[in-house]
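Structure (structure tokens):
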């Protein structure tokens, strides 16, 4: 529903001559009231991450103070699992790949700090990923390939390796990072998987305010009547119409009823998730069901 459609609907109910100056502020006030009631299923969305398998075919030759790495028996240019931006670990020290020159040559973002050597083992992997552009914070990460949930921890814990490595080669942990160059949230996983894995993450999505009368209100259509009632009660209040209190009471009752219904549905899904039934909403309801958002 657009702000203009709400405007038309509210004008039909307001007493003749009642002012509607600052109408967009009324709409945003109403939306904030609805969101402040608690977390709704439509507050969340889900995204997917394709985590490449690690790559360690062949050996490398490195020179102290040089950023060039020479490979033997490697296929860096033709194997998609070796790419710029990923980590190359040599003798347990991590470097970031700057560019792939050929199947047997690549450049690091920093010069090699170890001892000059040849025929060294190495491994290339990726642990950091950018998330959806509307992601505010991650609530849950699920490994679809291995059918397990990742555990959230802090970035410092992962960086310091202060976590319990239970199963090497399969991702167990995730931590949220800052933003990338495009202002998208990032996530770090650990350990890196030895084989390809597809991750599904549920996240709280950004919400937008209306700034123009033609803007679409960032709420599902099922709440249209609630929005109209909320804006109507606010308009009456601003116009100092005596009946605004009863209109506001009706709005609050409608809000409570809608939110309670939404929460009950969420509770059912969470119970099924906890029991291992892998319940999923229909695709027409893009919702998330993290256990931490429901009162225990």
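Numbering (the working numbering), first residue to last: 7 to 302.
For every residue, glycine included, the Cβ atom is placed at its ideal position computed from N, Cα and C.
Please classify residue i: is it buried, with 16 or more other beta-carbons within 10 angstroms of its beta-carbon, or exposed?
{"i": "residue 181", "result": "buried"}
{"i": "residue 239", "result": "buried"}
{"i": "residue 75", "result": "buried"}
{"i": "residue 36", "result": "buried"}
{"i": "residue 301", "result": "Its pLDDT being 31, under 50, residue 301 is placed unreliably by the model, and the measurement read from it follows with that caveat. The residue is exposed, with fewer than 16 neighbouring Cβ atoms inside 10 Å."}
{"i": "residue 204", "result": "exposed"}
{"i": "residue 280", "result": "In this prediction, residue 280 has a pLDDT of 43, which is less than 50 and means its spatial position is unreliable; what the coordinates show is noted afterwards. Exposed, since its Cβ has fewer than 16 Cβ neighbours within 10 Å."}
{"i": "residue 284", "result": "Confidence at residue 284 is low in this model, with a pLDDT of 45, below 50, so its placement is unreliable and the value that follows should be read with caution. Residue 284 should be labelled exposed."}
{"i": "residue 186", "result": "exposed"}
{"i": "residue 162", "result": "exposed"}
{"i": "residue 218", "result": "exposed"}
{"i": "residue 42", "result": "exposed"}
{"i": "residue 175", "result": "exposed"}
{"i": "residue 27", "result": "exposed"}
{"i": "residue 14", "result": "exposed"}
{"i": "residue 91", "result": "exposed"}
{"i": "residue 119", "result": "exposed"}
{"i": "residue 236", "result": "buried"}
Which residue's Cα is closest to the Cα of residue i: the options?
{"i": "residue 109", "options": "93, 118, 16, 89", "result": "89"}
{"i": "residue 9", "options": "157, 222, 152, 186", "result": "222"}
{"i": "residue 48", "options": "15, 124, 211", "result": "211"}
{"i": "residue 190", "options": "134, 164, 206, 226", "result": "134"}
{"i": "residue 226", "options": "147, 20, 142, 40", "result": "40"}
{"i": "residue 266", "options": "15, 44, 157", "result": "44"}
{"i": "residue 116", "options": "154, 136, 93", "result": "93"}
{"i": "residue 72", "options": "95, 106, 121", "result": "121"}
{"i": "residue 177", "options": "234, 154, 252, 83", "result": "154"}
{"i": "residue 11", "options": "269, 205, 260, 216", "result": "216"}
{"i": "residue 139", "options": "188, 25, 164", "result": "188"}
{"i": "residue 263", "options": "55, 46, 160, 192", "result": "46"}
{"i": "residue 192", "options": "219, 55, 83, 96", "result": "55"}
{"i": "residue 85", "options": "256, 106, 251", "result": "106"}
{"i": "residue 112", "options": "96, 95, 87, 83", "result": "83"}
{"i": "residue 147", "options": "179, 256, 160", "result": "179"}
{"i": "residue 234", "options": "220, 252, 257", "result": "257"}
{"i": "residue 67", "options": "51, 96, 87", "result": "96"}
{"i": "residue 51", "options": "220, 209, 252", "result": "209"}
My understanding is that residue i touches residue j, with C-beta atoms under 8 Å, so please give their C-beta distance in whole angstroms.
{"i": "residue 126", "j": "residue 65", "result": "6 Å"}
{"i": "residue 230", "j": "residue 214", "result": "At roughly 17 Å, the Cβ-Cβ gap does not stay under 8 Å, so residue 230 and residue 214 are not in contact."}
{"i": "residue 156", "j": "residue 53", "result": "With 8 Å as the limit, residue 156 and residue 53 do not qualify as a contact, their Cβ atoms being about 14 Å apart."}
{"i": "residue 142", "j": "residue 207", "result": "Actually they do not touch by this definition, with Cβ atoms about 12 Å apart."}
{"i": "residue 114", "j": "residue 104", "result": "6 Å"}
{"i": "residue 164", "j": "residue 194", "result": "6 Å"}
{"i": "residue 232", "j": "residue 270", "result": "With a Cβ gap of about 17 Å, residue 232 and residue 270 do not count as contacting."}
Open item on the list: Quick check: the region 96-103 against the region 25-41, are at least 3 beta-carbon pairs closer than 8 Å?
Closed with: no
TODO: Check whether the region 123-130 touches the region 53-72, taking contact to mean three or more Cβ pairs, one atom from each stretch, closer than 8 Å.
DONE: yes
TODO: Flag this pair as touching only if the region 185-199 and the region 75-88 have three or more C-beta atom pairs under 8 Å; answer yes or no.
DONE: no
TODO: Mind listing, in chain order, the continuous beta strand (DSSP E) runs of no fewer than 3 residues lying wholly within the region 48-97?
DONE: 50-57, 65-68, 74-78, 93-96
Task: Ranges of the beta strand (DSSP E) found wholly within the region 197-224, counting only runs of at least 3 - done: 203-211
Task: Segment contact, 8 Å Cβ cut-off, at least three pairs: the region 244-263 with the region 17-24 - done: yes
Task: Every unbroken beta strand (DSSP E) inside the region 110-145 [3 residues or more] - done: 111-114, 123-126, 128-131, 134-136
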